[in-house]
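Asks: Here full-length UniProt numbering is used: the first residue of the sequence shown is 2, the next is one more, and so on.
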Amino acid sequence: APIVSVQKLTKTYGNGFEALKGVDLDIEEGEILALLGPNGAGKTTLISIICGIVNPSSGSVLVGGHDVVKDFRQTRSLIGLVPQELTTDQFETVWNTVSFSRGVYGKKPDPALIESVLKDLSLWSKKDNMIRELSGGMKRRVLIAKALSHEPKILFLDEPTAGVDVNLRREMWQVVEKLRANGVTIILTTHYIEEAEEIADRVGVINGGQLLLIEKKTALMKKL
Ligand code: ADP
Ligand code: ADP
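#1: List the whole-angstrom C-beta distance separating residue 180 from residue 188, where the pair is believed to meet the contact cut-off of C-beta under 8 Å.
#2: What does the alpha-carbon distance come out to for the pair residue 70 and residue 46?
#3: Determine the extent of the alpha helix (DSSP H) in which residue 81 is found, giving its start and end residues.
#4: May I ask whether a heavy atom of ligand 2 can be found less than 8 Å away from the beta carbon of residue 54?
#5: Can you pull the DSSP bridge partners for residue 8?
#6: Using a Cβ-Cβ cut-off of 8 Å (strictly less than) and excluding sequence neighbours within five positions of residue 209, which residues of its own chain qualify?
#7: Can you name, in chain order, every residue of its own chain whose Cβ lies under 6 Å from the Cβ of residue 10, other than the five neighbours on each side?
#8: Taking all protein chains shown into account, decide if residue 191 is buried (16 or more other Cβ within 10 angstroms of its Cβ) or exposed.
#9: Just reading off the beta strand (DSSP E) that residue 122 is part of, what are its end residues?
#10: To the nearest angstrom, report how far apart residue 183 and residue 173 are at their CA atoms.
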């Protein structure tokens with residue numbers, strides 16, 4: 002069974018805006034899926050609903066077989082979310098930021114796990130630094146470390162490389178490859194076609210609240 006199953010999903014915000022107009026999407030365990038679309042397409046709305054942050058207007062979303070609205074505790078523990086904004090406390094250390102995040106999910110402290118997450122993301126030497134002392138790329142990696150602190154099976158990255166330079170974008174791609182090698186299912190949103198092309202197994206094209214097509218990368222590139 003797919004690890005994420007989205008059926009006939011719609012979202013109309015309080016102001017009447019229809020951000021999603023009936024999306025069907027199955028995500029297989031272990032794949033890297035890119036959701037490609039321009040600003041305002043509905044990408045953040047879609048992943049926010051799958052992550053249990055925003056309620057759908059209609060339709061259903063199952064994560065690991067659990068309903069994201071009714072069983073949000075179970076589904077949220079399977080999910081790590083890396084938000085678009087750099088939202089961590091600037092005056093906290095890297096170590097504390099990532100360890101506390103694990104606690105939020107009700108998981109027991111696991112210093113060895115936190116150590117391995119920080120090492121995988123090349124943040125180990127910065128563990129005692131405050132967030133404010135880090136470069137932009139390191140701050141983004143801290144957000145990823147936070148999202149991985151409770152050992153999720155699925156990782157969502159919302160526009161991981163929006164507004165970052167070419168070097169940083171390559172660095173993020175390498176991080177994603179490494180995570181995949183660890184068996185994490187990865188869904189990222191992007192408006193860069195090169196990004197979708199470079200790292201994803203499958204690409205879903207979203208515009209105007211609809212999933213226009215979803216293809217294995219090679220098939221997609223022939224169509225665009
Ligand atoms: P819902 O209908 O799901 O409860 P709301 O329409 O009440 O959602 O909006 C939730 C929040 O998002 C509010 O704080 C609102 O100010 C904010 N918001 C409104 N319009 C936008 C927008 N275009 N983009 C992002 N956030 C918005
Ligand atoms: P994307 O991530 O593809 O840029 P979003 O899902 O953030 O798209 O937004 C889709 C559309 O929904 C946009 O037009 C946005 O302004 C609108 N929107 C997002 N959040 C809200 C909200 N809370 N209330 C009203 N409109 C919203």
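Just so you know, even glycine gets a beta-carbon here, dropped at the ideal spot from N, CA and C.
Replies: Straight from the coordinates:
#1: By 1-based counting over the sequence shown, the position of residue 180 is 179. By 1-based counting over the sequence shown, the position of residue 188 is 187. That pair is no contact at about 12 Å.
#2: Against the sequence shown, residue 70 aligns to sequence position 69. Against the sequence shown, residue 46 aligns to sequence position 45. One alpha carbon belongs to residue 70, the other to residue 46, and they sit about 15 Å apart.
#3: Here the question's residue 81 lines up with position 80 in the sequence shown. Per DSSP, residue 81 belongs to no alpha helix (DSSP H); it is in the beta strand (DSSP E), 80–83.
#4: As a position in the sequence shown, residue 54 is number 53, starting the count at 1. No, Cβ of residue 54 sits at least 8 Å from all heavy atoms of ligand 2.
#5: If you number the sequence shown from 1, residue 8 lands on position 7. Listed as beta-bridge partners of residue 8 by DSSP are 61.
#6: Position 208 of the sequence shown, counted from the first residue, corresponds to residue 209. When the five nearest sequence neighbours on each side are left out, the beta carbons in the same chain lying within less than 8 Å of the beta carbon of residue 209 are those of 22, 42, 43, in order along the chain.
#7: In the sequence shown, residue 10 corresponds to position 9, counting from 1. These residues qualify, in order along the chain: 21, 24, 57, 60.
#8: On the sequence shown, residue 191 is found 190 positions in, with the first residue counted as 1. Classification of residue 191: buried, given that the 10 Å Cβ count is 16 or more.
#9: Here residue 122 corresponds to residue number 121 of the sequence shown, with the count starting at 1. Segment: none, residue 122 is in no beta strand (DSSP E) and carries neither H nor E.
#10: Here residue 183 corresponds to residue number 182 of the sequence shown, with the count starting at 1. Here residue 173 corresponds to residue number 172 of the sequence shown, with the count starting at 1. The alpha-carbon separation between residue 183 and residue 173 amounts to approximately 16 Å.
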